[in-house]
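**Q**
Protein chains: 2
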Amino acid sequence: MAKEVSTTKELPVILITNDDGITAPGIRNLVEAVKDLGKIIVVAPDKPQSGMGHAITIGQPLRLHQVTTFEGIEAWQCSGTPVDCVKLAVDKILHRKPDLCLSGINHGANHSINVIYSGTMSAAVEAAIESIPSIGFSLMDYSIEADFSAARKYVRIIVENMLKSELDKHTVLNVNFPALPEELINGIKICRQAYAKYEEDFIERNDPNNKKYYWLTGKFLNMDEGKDTDVWALENGFVSIVPVQFDLTNYTLKTQLENSWKNL
Amino acid sequence: MAKEVSTTKELPVILITNDDGITAPGIRNLVEAVKDLGKIIVVAPDKPQSGMGHAITIGQPLRLHQVTTFEGIEAWQCSGTPVDCVKLAVDKILHRKPDLCLSGINHGANHSINVIYSGTMSAAVEAAIESIPSIGFSLMDYSIEADFSAARKYVRIIVENMLKSELDKHTVLNVNFPALPEELINGIKICRQAYAKYEEDFIERNDPNNKKYYWLTGKFLNMDEGKDTDVWALENGFVSIVPVQFDLTNYTLKTQLENSWKNL
Chain A
-11 MAKEVSTTKE
-1 LPVILITNDD
9 GITAPGIRNL
19 VEAVKDLGKI
29 IVVAPDKPQS
39 GMGHAITIGQ
49 PLRLHQVTTF
59 EGIEAWQCSG
69 TPVDCVKLAV
79 DKILHRKPDL
89 CLSGINHGAN
99 HSINVIYSGT
109 MSAAVEAAIE
119 SIPSIGFSLM
129 DYSIEADFSA
139 ARKYVRIIVE
149 NMLKSELDKH
159 TVLNVNFPAL
169 PEELINGIKI
179 CRQAYAKYEE
189 DFIERNDPNN
199 KKYYWLTGKF
209 LNMDEGKDTD
219 VWALENGFVS
229 IVPVQFDLTN
239 YTLKTQLENS
249 WKNL
Chain B
-11 MAKEVSTTKE
-1 LPVILITNDD
9 GITAPGIRNL
19 VEAVKDLGKI
29 IVVAPDKPQS
39 GMGHAITIGQ
49 PLRLHQVTTF
59 EGIEAWQCSG
69 TPVDCVKLAV
79 DKILHRKPDL
89 CLSGINHGAN
99 HSINVIYSGT
109 MSAAVEAAIE
119 SIPSIGFSLM
129 DYSIEADFSA
139 ARKYVRIIVE
149 NMLKSELDKH
159 TVLNVNFPAL
169 PEELINGIKI
179 CRQAYAKYEE
189 DFIERNDPNN
199 KKYYWLTGKF
209 LNMDEGKDTD
219 VWALENGFVS
229 IVPVQFDLTN
239 YTLKTQLENS
249 WKNL
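Heads up: the protein sequence lines correspond to chains A and B, in order. Per the numbering used here, the very first residue in the first sequence carries number -11; after that it's consecutive. Per the numbering used here, the very first residue in the second sequence carries number -11; after that it's consecutive.
(1) Under 8 Å: do the region 215 to 229 of chain A and the region 212 to 232 of chain B share three or more Cβ pairs, one atom per stretch?
(2) Below 6 Å CB to CB, which residues in the same chain sit around Y130(B) once its five sequence neighbours on both sides are set aside?
(3) Check the C-beta distance from N6(B) over to A32(B) and give it rounded, since I have them as a contact under 8 Å.
(4) Give every residue of the same chain whose Cβ lies closer than 6 Å to the Cβ of D8(B), excluding the five residues on either side of it in the sequence, and list them in chain order.
(5) Please report the residue range of the alpha helix (DSSP H) in which S126(A) lies.
(6) By how many angstroms is the C-alpha of E148(A) removed from the C-alpha of F165(B)?
(7) How is the beta strand (DSSP E) around N164(B) delimited, first residue to last?
(8) Between Y239(A) and L76(B), which are expected to be in contact by the criterion C-beta below 8 Å, what is the C-beta distance as a whole number of angstroms?
(9) Alpha carbon to alpha carbon, what distance is there between L241(B) and K73(A)?
(10) Looking only at DSSP bridge pairs, what is F208(B) linked to?
(11) Interface residues of chain B around R51(A) at Cβ under 7 Å?
(12) Against chain B, which members of the region 67 to 87 of chain A pass a CB distance test of less than 9 Å?
(13) Less than 6 Å between C-beta atoms, sequence neighbours within five positions excluded: which residues of the same chain meet that for G39(B)?
(14) Using a Cβ cut-off of 8 Å, which residues of the region 24 to 55 of chain B contact any Cβ in chain A, in chain order?
(15) Tell me the DSSP bridge mates of W64(B)?
(16) Compare the Cα-Cα distances from L25(B) to each of E133(B), I4(B), L252(B) and G206(B) and report the closest residue.
(17) Please confirm whether Q181(B) has its beta-carbon closer than 8 Å to some beta-carbon of chain A.
(18) Could you work out which residues of chain A lie near E62(B), taking near to mean beta carbons separated by less than 7 Å?
(19) From K157(A) to K85(A), what does the alpha carbon distance come to, in whole angstroms?
(20) Taking all protein chains shown into account, do 16 or more other C-beta atoms lie within 10 angstroms of the C-beta of R193(A), making it buried, or fewer, making it exposed?
(21) Mapping DSSP to helix, strand and coil, what is N194(A)?
(22) My guess is that G175(A) and D189(A) are in contact by the Cβ rule of under 8 Å, so how many angstroms apart are they, rounded?
(23) Run down chain B in chain order and give the residues with a C-beta less than 9 Å from the C-beta of Q233(A).
(24) To the nearest angstrom, how far is it from the Cα of K82(A) to the Cα of K80(B)?
(25) Which of the three DSSP states, helix, strand or coil, is assigned to R144(B)?
(26) Which residue's Cα is closest to the Cα of F234(B): N162(B), I191(B) and T243(B)?
(27) Taking 8 Å as the CB-CB limit, is V219(B) close to chain A?
(28) Counting only C-beta atoms, is N149(B) closer than 8 Å to chain A at any point?
(29) Alpha carbon to alpha carbon, how far is V160(B) from A112(B)?
(30) Just to confirm before moving on: does the CB-CB distance between A138(B) and L90(B) stay below 8 Å?
(31) Measuring CB to CB, does V219(A) end up less than 8 Å from H99(A)?
(32) For T5(B), does the three-state DSSP call read helix, strand or coil?
(33) Can you pull the chain B neighbours of T159(A), defined as C-beta to C-beta under 7 Å?
(34) Anything in chain B within Cβ reach of K185(A), meaning under 9 Å, just list it in chain order.
(35) In angstroms with no decimal places, state the Cα-to-Cα distance between P121(A) and M150(A).
Written as structure tokens, this is what we have:
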């Protein structure tokens, strides 16, 4: 009897989202990579939502439409942010928590400080807040024609491992792939988030009415020379995995302030 | 001579922003509370930007207009998010890093998990990423007519203390005020971020064409019984201060994965 129970065990429910929008090649590659590992449901933005961070839609309503983008897979596009997609999926589509949430594969890196700006990673973090283990995937190639073949192989290894690991339900992994063919990838490295930032350089232009407007541009600056960081791993041909948390308390500073500000 | 240098010491430059928009009473109260403590520059959104998290504006340009909202104080309104405001202020208005960034006073609490959704706190975090020490302030009262008088007193105490403390340039403090008159506030408490979440409950409606749309609503659930949390402090009449960090690495899980996933 035990054997029968085991063979009829329900497949895990896997929610898939992204921030590049439901038509991006990255999410199609993610679906293809894992579609036999569980019951897949896609709920993703109906347009690009890069750089949306952990934004949620408060001041306006959201739309949700079922689409046939992925053959044989239930899929919905949502007018909101990646975080809205996770919230709507749980409350209005699945009516339960999925067993795993996957986000991506993002077109472009989300290593180091990008984790904070990234809609891809914020969707994964939102899932983990809601007790759904999650993984965000990003490839260091912005191109619409990026080659996802090596990424797909590693997505599968990591998802299979995640499904069989008994990790905390608040687990979030930030996975980045170097833009390299499979034979040049040196393996997987567990890392910490590199300290990096953007040096802003807004481009100033004049509109036809001679009024100024600004485009955000910036130069990425890695300030961190550690060999245990995601930036180092990617520069050295590894797939980087950074475990992420949503308790933002700076405990070191907390102790310092408890001592130095105690007479406030 | 030393004395002369000391008396002509330049006032600190204090950048002030928020997420409720430049016309909100909260930012006016913040400006009033600290205007004699430094050279104040206000750069804030031209409309409400609550719940924008760490969103930045990538796909469209930004507008910036000088306004006369605060008598005798240089102020600009920006069409972007709170994080955009900080970036534009540094690059295009100040042409230097301010000595301190203050964000708020938010109409509504930003304790516990709200730190992640909050535009107020994301502006403060952005400043700290850029090596500008910062403080986000929030009052537990959503009302446009909220009473900021007790909050103003504590803003001043905290900002004066921050200016004289030699804290790390990446310091971010998340300060929340209970909605209480001054005489009922029990003091200031340094806290950790409570583990809490929202239980979503989207309201479903039909538009005039009989197509569904959804409004995000949710119930706040505090899952954390610790007496060292911001939620506990606020419920017990204290002003809460949580030191915040932007290194999201989960170091405990990192060690765990380095051991258990080493053959990946």
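Glycine is no exception: its CB is placed at the ideal position from the N, C-alpha and C atoms. The structure presented is a predicted model; accordingly, all values stated were derived computationally and were not measured.
**A** Quick answer:
(1) Proximity of the region 215 to 229 of chain A to the region 212 to 232 of chain B falls short of the contact definition, fewer than three beta-carbon pairs being nearer than 8 Å.
(2) Hits under 6 Å: H95 and G96.
(3) Between N6(B) and A32(B) the beta-carbon gap is near 5 Å, inside 8 Å, which marks them as a contact.
(4) Non-local beta-carbon contacts of D8(B) in its own chain, meaning distances under 6 Å to residues more than five positions away in sequence, involve G14, P36 and H95 in chain order.
(5) S126(A) -> not in any alpha helix (DSSP H); beta strand (DSSP E) instead, spanning S122 to L127.
(6) When rounded, the separation of the alpha-carbon atoms in F165(B) and E148(A) is 46 Å.
(7) In the DSSP assignment, N164(B) falls within the beta strand (DSSP E) that extends over V160 to F165.
(8) In this structure Y239(A) is not in contact with L76(B), their Cβ atoms being roughly 32 Å apart against a cut-off of 8 Å.
(9) Checking the sequence shown, residue 73(A) turns out to be Cys, not Lys. Between the alpha carbons of C73(A) and L241(B) lies a distance of about 26 Å.
(10) Secondary-structure assignment with DSSP links F208(B) through a beta bridge to Y186(B).
(11) Near R51(A) (Cβ distances below 7 Å), the residues of chain B are Y201.
(12) Per Cβ criterion, the list reads S67, G68, T69, V71, D72, K75, L76, V78, D79 and K80.
(13) Around G39(B): Y105.
(14) Flagged, chain order: P36, S38, G39, M40, G41, H42, A43, I44, T45, I46, G47, P49, L50, R51 and L52.
(15) W64(B) pairs with V31(B) and Q54(B).
(16) The residue from E133(B), I4(B), L252(B) and G206(B) with its alpha-carbon nearest to that of L25(B) is I4(B).
(17) Interface annotation, Q181(B): in contact with chain A, CB-CB separation under 8 Å.
(18) From the beta-carbon of E62(B), no residue of chain A is found nearer than 7 Å; the closest lies around 17 Å away.
(19) Spanning the alpha carbons of K157(A) and K85(A) requires a straight line of approximately 11 Å.
(20) Its Cβ having fewer than 16 others within 10 Å, R193(A) is exposed.
(21) Residue state, collapsed to three classes: strand.
(22) Between G175(A) and D189(A), the beta carbon gap of about 36 Å keeps them out of contact (Cβ cut-off 8 Å).
(23) In chain order, L236, T237, N238, Y239, T240 and L241 make up the part of chain B whose C-beta sits under 9 Å from the C-beta of Q233(A).
(24) Rather than Lys, the amino acid found at residue 82(A) in this sequence is Leu. A straight line joining the alpha-carbon of L82(A) with that of K80(B) spans about 46 Å.
(25) Three-state result, R144(B): helix.
(26) Ranking N162(B), I191(B) and T243(B) by Cα distance to F234(B) puts N162(B) first.
(27) So no, V219(B) is outside the interface.
(28) It does: the Cβ of N149(B) has a partner Cβ on chain A nearer than 8 Å.
(29) In this structure, the straight-line span from the alpha carbon of V160(B) to that of A112(B) is close to 6 Å.
(30) Not closer than 8 Å, so no.
(31) Contact: yes.
(32) DSSP places T5(B) in strand when its eight states are reduced to three.
(33) What T159(A) touches in chain B, judged by beta-carbon distance under 7 Å, is L241, going in chain order.
(34) At a beta-carbon threshold of 9 Å, the residues of chain B lying near K185(A) are I117, E118 and S119, ordered along the chain.
(35) Each residue's alpha carbon lies about 9 Å from the other.
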